[in-house]
Amino acid sequence: AQTVTQSQPEMSVQEAETVTLSCTYDTSESNYYLFWYKQPPSRQMILVIRQEAYKQQNATENRFSVNFQKAAKSFSLKISDSQLGDTAMYFCAFMKNRNNDMRFGAGTRLTVKP
Amino acid sequence: GAVVSQHPSRVICKSGTSVKIECRSLDFQATTMFWYRQFPKKSLMLMATSNEGSKATYEQGVEKDKFLINHASLTLSTLTVTSAHPEDSSFYICSARAWTTDTQYFGPGTRLTVL
Numbered sequence: 412a413q414t415v416t417q418s419q420p421e422m423s424v425q426e427a428e429t430v431t432l433s434c435t436y437d438t439s440e441s442n443y444y445l446f447w448y449k450q451p452p453s454r455q456m457i458l459v460i461r462q463e464a465y466k467q468q469n470a471t472e473n474r475f476s477v478n479f480q481k482a483a484k485s486f487s488l489k490i491s492d493s494q495l496g497d498t499a500m501y502f503c504a505f506m507k508n509r510n511n512d513m514r515f516g517a518g519t520r521l522t523v524k525p
Numbered sequence: 019g020a021v022v023s024q025h026p027s028r029v030i031c032k033s034g035t036s037v038k039i040e041c042r043s044l045d046f047q048a049t050t051m052f053w054y055r056q057f058p059k060k061s062l063m064l065m066a067t068s069n070e071g072s073k074a075t076y077e078q079g080v081e082k083d084k085f086l087i088n089h090a091s092l093t094l095s096t097l098t099v100t101s102a103h104p105e106d107s108s109f110y111i112c113s114a115r116a117w118t119t120d121t122q123y124f125g126p127g128t129r130l131t132v133l
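The listed protein sequences correspond, in order, to chains E and G. Counting in our numbering, the first sequence runs from 412 upward without gaps. Counting in our numbering, the second sequence runs from 19 upward without gaps.
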């Protein structure tokens with residue numbers, strides 16, 4: 412079974428600074444998908460970024476980028492120029508293949524301070 | 019695009035009654051829909067996966083007779099909590115995925131309170 416571990420229950424960062432959220436996973440699959448979702452106080456899950464394991468290039472979406480280390484089974488999220496609206500729970504998720512369900516980590520609560 | 023709605027957003031019911039939650043994909047055909055449960059300050063726990071036109075696949079420990087899932091069309095799945103009890107109070111979230119994509123799109127969730 413695949414497991415997803417987020418070892419940082421809570422983090423905080425000053426506005427405009429950079430923060431990195433960590434995620435590790437365990438799998439025996441060679442190809443799979445990884446995601447970061449954001450859940451603000453409204454509780455609506457919002458896709459932040461996704462990575463396909465066969466792609467070596469790290470995914471980037473504006474201020475959000477990932478550091479995908481396949482051998483280490485690590486998938487960290489870097490948020491640059493943090494904004495107050497980035498305050499939310501962030502969940503790392505693993506999906507074995509496109510026809511499978513998604514497994515979530517425990518989440519990291521990020522607070523951006525003014 | 020890729021909008022998923024849930025109805026109702028909040029529901030309060032008496033113990034012993036049944037509650038139906040709807041999940042709709044508004045601008046795409048969802049061949050697969052997922053139902054999650056989320057306790058306060060916790061992660062999402064997958065309850066079941068439903069494919070259009072077939073029976074749902076339930077995760078271990080989820081009572082299929084208590085949480086009835088129907089996915090009768092490509093845009094609608096329903097979760098019925100039967101004979102609800104206070105311990106069923108939770109936040110229920112659905113997600114939907116089209117066969118052409120590997121991304122799940124989430125509904126806004128339904129807060130169920132059983133008195």
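All C-beta atoms, glycine included, are put in the ideal place defined by N, C-alpha and C.
Asked, Found
"Amino acids of chain G, ordered along the chain, whose beta-carbon sits closer than 9 Å to that of Y436/E", "Ordered by position in chain G, no residue passes the 9 Å Cβ test against Y436/E, which lies about 14 Å from the chain."
"The segment 446-457 of chain E: positions lying closer than 7 Å to chain G by Cβ", "R454, Q455, M456"
"Interface positions of the segment 117-129 of chain G facing chain E (Cβ-Cβ less than 7 Å), listed along the chain", "D120, T121, Q122, F124, P126, G127"
"DSSP state of E105/G mapped onto helix, strand, coil", "helix"
"Alpha carbon of L130/G to alpha carbon of I30/G, nearest angstrom", "6 Å"
"Beta carbon proximity, S107/G to chain E, threshold 8 Å", "no"
"Length of the line joining the Cα atoms of Q425/E and V523/E", "6 Å"
"Partners in chain E for S95/G, counting only beta-carbon separations shorter than 7 Å", "The contacting residues do not exist; S95/G stays about 14 Å from chain E at best."
"Where the beta strand (DSSP E) through M456/E begins and ends", "Element bounds for M456/E: n/a, residue is neither H nor E."
"Interface positions of the segment 39-67 of chain G facing chain E (Cβ-Cβ less than 7 Å), listed along the chain", "F52, S61, L62, L64, T67"
"Residue burial classification, H89/G (beta-carbon count within 10 angstroms, cutoff 16)", "buried"
"T128/G versus V22/G, P26/G, A20/G, residue with shortest Cα-Cα distance", "P26/G"
"Burial state of R28/G, where buried means 16 or more other Cβ atoms lie within 10 Å", "exposed"
"Closest by C-alpha distance to N442/E, when choosing among G516/E, T519/E, N510/E", "N510/E"
"Pairwise C-alpha distance: P525/E and G125/G", "30 Å"
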